[in-house]
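Residue numbering for the sequence shown follows numbering that gives the first Met the number 0, beginning at 0 and increasing consecutively. Written out below as structure tokens is the structure these notes cover.
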Amino acid sequence: MDKLLVITGGTKGIGKAVIERFAKEGYNIATCARNEQDLDALKMQIEASFGVSILIHKADISKREEINSFIAAVKGFSDKTDVLVNNAGVFIPGAIHEEEEGALEMMINTNLYSAYHLTRGFIHDMKAARAGHIFNICSTASIIPYINGGSYCISKFALLGMSKVLREEMKEHNVRVTSVLPGATLTASWEGTDLPEERFMKPEDIAETLWSTYRLSDRTVIEEILLRPQEGDI
Ligand code: NAP
């Protein structure tokens with residue numbers, strides 16, 4: 000088997016858990032993040048644990064030219080992308096009326112435009128192959144206007160909009176599109192929290208959900224997945 004998972008932000012949290020789940024099934028991996036040491040450590044761990052090939056690429060996906068260089072690197076690594084997960088995202092809490100100047104632009108660039116440009120980078124090959132699956136990691140903040148969610152909510156509402164439109168567009172091309180809306184998941188994003196671990200979902204559960212969704216027959220598409228901690232939102 001020579002299958003490829005492309006995922007942004009694979010060095011931590013949900014992204015890393017998804018990589019481990021697909022690597023366990025023998026998928027080769029291509030991922031990017033900004034921190035080079037974390038990327039090197041990930042490569043060593045995945046190769047040693049699963050024996051698959053992994054392309055790591057240092058890129059800041061809030062920058063268009065770095066997205067392009069990641070797409071080019073992936074295409075040099077493999078001529079076929081089976082799964083694309085638009086995962087990397089940032090959450091800076093704040094209120095629309097108070098947050099710092101530039102917060103909106105930063106979160107729209109990172110959480111929305113990156114997914115748009117990466118999708119456009121890979122989708123033509125998926126259409127030509129009449130195969131492929133795109134997961135967009137949205138959030139409960141894509142459907143709930145959280146106080147202190149500010150520009151994060153704006154970017155995640157928009158990402159869900161993009162994902163829904165893409166799903167409609169891809170029906171006739173046999174490319175599956177799934178929007179994933181997790182609630183609070185224990186990752187680096189929550190570093191410093193004093194809430195108990197049990198109050199959060201595990202990144203491994205999000206990863207298992209993506210794998211289960213992906214492995215269904217290609218006659219079925221799970222369009223949206225909403226996941227929350229057992230005790231509800233935080
Ligand atoms: P995380 O643990 O903070 O990890 C984020 C990953 O993305 C890291 O690998 C990070 O590496 C990378 N990244 C961040 N900004 C980047 C950039 N500009 N360019 C390239 N890579 C970047 O995050 P997470 O909690 O797993 O979240 C993953 C996704 O799930 C995000 O879209 C988030 O909004 C969404 N989500 C999370 C939760 C939650 O409670 N955790 C809930 C709902 C939705 P570097 O820092 O080295 O770049």
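Ideal placement from N, C-alpha and C gives every residue a C-beta, glycine not left out.
| Query | Result |
| --- | --- |
| CB contact flag (I13, T30, <8 Å) | no |
| Short Cβ contact (8 Å threshold) for V234 with K126 | Here the chain has residues from 0 to 233 only, and residue 234 is not among them. |
| 3-residue-minimum beta strand (DSSP E) runs that sit fully inside the segment 65 to 134, ordered along the chain | 82 to 85 |
| beta-carbon V17 near ligand 1 non-hydrogen atom, thresh 7 Å | no |
| For A32, three-class secondary structure by DSSP | strand |
| Rounded straight-line distance, which links the Cα of P144 to that of E97 | 16 Å |
| D204 to S68 span [Cα, whole Å] | 31 Å |
| Start-end ranges of the beta strand (DSSP E) lying completely within the segment 163 to 210, minimum 3 residues | 175 to 181 |
| Rounded distance between the beta-carbons of K201 and L185, thought under 8 Å | 7 Å |
| Stretch pair the segment 32 to 52 + the segment 130 to 149: three plus CB contacts closer than 8 Å | no |
| Within 8 Å, strictly: CB atoms of G191 and P228 | no |
| Unbroken beta strand (DSSP E) run spanning E223, endpoints | 223 to 226 |
| Assigned secondary structure, T139 (DSSP; H/G/I helix, E/B strand, else coil) | helix |
| Ligand 1 heavy atom lying under 7 Å from the CB of A32 | yes |
| Any non-hydrogen atom of ligand 1 within 7 Å of L231 CB | In the sequence as displayed, the identity of residue 231 is Gly instead of Leu. G231: no, Cβ never under 7 Å from ligand 1. |
| Contact under 8 Å by Cβ, Q208 with L225 | The sequence as given places Thr at residue 208; Gln does not occur at that position. Going by C-beta atoms, T208 is not nearer than 8 Å to L225. |
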